[in-house]
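No gaps in the numbering here: position 95 of the sequence shown is 114 in our numbering, and each next residue is one more.
From the three backbone atoms N, C-alpha and C, an ideal C-beta is built for every residue, glycine too.
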Amino acid sequence: LVRFIGRLFLREALTLSTVGRVVFCLMGEAGTLPEEARIECICELLELISSALSNTRRGKSMMSHFFARLRELWQASSDDGAASLSERMQSRIQDLVESRLTPWQVEVLRAR
């Protein structure tokens with residue numbers, strides 16, 4: 020479903036604000052820890068649409084908020100100091116955050 024949403028956005032069938040609401044909904048409120056399945060969806064969606072989001076000032080602003088929240092989730096720990104997320108999910112977020120430092124790969128959509 021997330022890939023479908025991303026592809027609709029890339030084809031300009033969904034607005035930036037709609038996609039933003041989807042990501043914010045998946046992330047949950049600050050201070051809460053969303054389910055790992057939601058975090059996986061966020062990562063998959065951002066990998067797909069980040070290049071397009073980075074093309075606008077508003078998109079860049081949204082990306083900054085998304086990545087700040089992802090960093091917060093990545094560094095979250097429980098009261099005993101243990102990481103709140105699995106190593107796999109921490110790695111997934113880390114890969115996405117680090118990929119932001121390199122140019123985004125543009126997904127080319129072909130009409131079928």
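Of the candidates Arg22, Phe23, Cys60, Ser96, the residue whose Cα lies closest to the Cα of Phe85 is Cys60.
Taking a C-beta distance under 8 angstroms as the contact criterion, Gly78 and Leu45 do not qualify as a contact pair. Annotation: the stretch 25-94 contains the following complete segments of the alpha helix (DSSP H) (minimum length 4 residues), in chain order: 35-46, 55-72, 76-94. When secondary structure is reduced to three states using DSSP, Ser118 falls in the helix class. By the CB criterion at 8 angstroms, Ser103 and Ser96 fall inside the cutoff.
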